[in-house]
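Participant: Below is a structure I'd like to ask you about.
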Amino acid sequence: MSVAIVDDDPIVCSSIGTILTATGTAQVLWSAHDGEAAVTNCRRHAPDVLLIDVQMPGIDGLEAAERILQDDPDACILILTTFADPDYIRRAIDLHTKGYLIKQDVASVVPAVQAVMAGQVVLGAEVLGQLPLHVAPREGGAPGEGVGEDPRFAVLTDRERGIAALVAEGLDNREIAGRLYLSEGTVRNRISDILAKTNISNRTKLAVEWLACH
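If you count the sequence shown from 1, position 140 lands on 140 in the UniProt record's numbering, and the numbers rise without skipping.
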């Protein structure tokens with residue numbers, strides 16, 4: 001597996017690169033210190049996973065991610081930053097990045113990179129805590145007595161709810177198909193139905209919204 005690291009602090013790039021290499025997790029393809037360089041380098045040598053900070057000189061990490069994903073919609077981008085800002089997080093999700101990680105503990109980068117390569121979406125607890133919940137009172141409960149499930153999920157069948165839960169666990173279509181003894185095509189169609197019923201635009205948002213109220 002190859003990774004690229006983009007951070008305006010060279011020490012951060014070096015530290016993360018050392019950890020990923022020493023643990024045998026990945027080979028560092030290149031590093032850069034601003035968004036423009038990230039876009040240019042990805043066009044020349046695309047890594048399996050791109051780790052990128054948000055606030056950098058010139059083009060910030062989110063704008064760079066948007067440009068990279070326009071070039072390659074399948075690019076695996078993991079936002080790695082110190083800012084648990086709700087606007088940043090929402091924008092990263094809207095862009096279909098593969099995760100948003102707070103770099104309080106550099107060692108957490110290893111499992112995060114491994115999870116992204118396995119097809120999972122990585123959102124830490126501190127990130128989920130910044131997202132607004134769309135929840136309603138529990139059935140039979142008085143307002144303010146506690147929160148229950150997002151009403152958008154009430155329209156789902158039991159099978160669809162099971163699939164939504166597995167999406168939230170980070171399983172890809174093949175893994176969900178194997179778990180539920182369905183074809184990948186059926187899983188893909190069911191997820192499309194879930195997104196249409198809930199008016200959620202993509203599976204990353206589906207995972208976030210499901211985890212936020214379960």
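Ideal Cβ positions, reconstructed from N, Cα and C, are used throughout, including at glycine.
All values derive from a computational prediction rather than experimental measurement.
#1: Considering only the alpha carbon of each residue, which of PHE83, ASP53, ASN189 and ASP72 lies closest to GLU160?
#2: Helix, strand or coil: which one does DSSP assign to LEU211?
#3: Helix, strand or coil for THR81? Go by DSSP, reduced to three states.
#4: In angstroms, rounded to a whole number, what distance separates the CA positions of ILE176 and GLU184?
#5: From ALA112 to ILE93, what distance separates their C-alpha atoms?
#6: Give me, in chain order, the residues of the same chain whose beta-carbon lies closer than 6 Å to that of ASP34; leave out the 5 immediate sequence neighbours on both sides.
#7: Taking just the CA atoms, how far does VAL110 sit from ILE19?
#8: Under 7 Å, Cβ to Cβ, is there at least one residue of chain C near ASP60?
#9: Under a three-way DSSP split, which group does VAL3 fall into?
#10: So, with DSSP's three-state summary, where would you put GLN114?
Facilitator: If we stick to the structure as given:
#1: ASN189
#2: helix
#3: strand
#4: 8 Å
#5: 16 Å
#6: MET56, PRO57 and GLY58
#7: 8 Å
#8: Protein chains in the displayed structure number just one, and chain C is not present.
#9: strand
#10: helix
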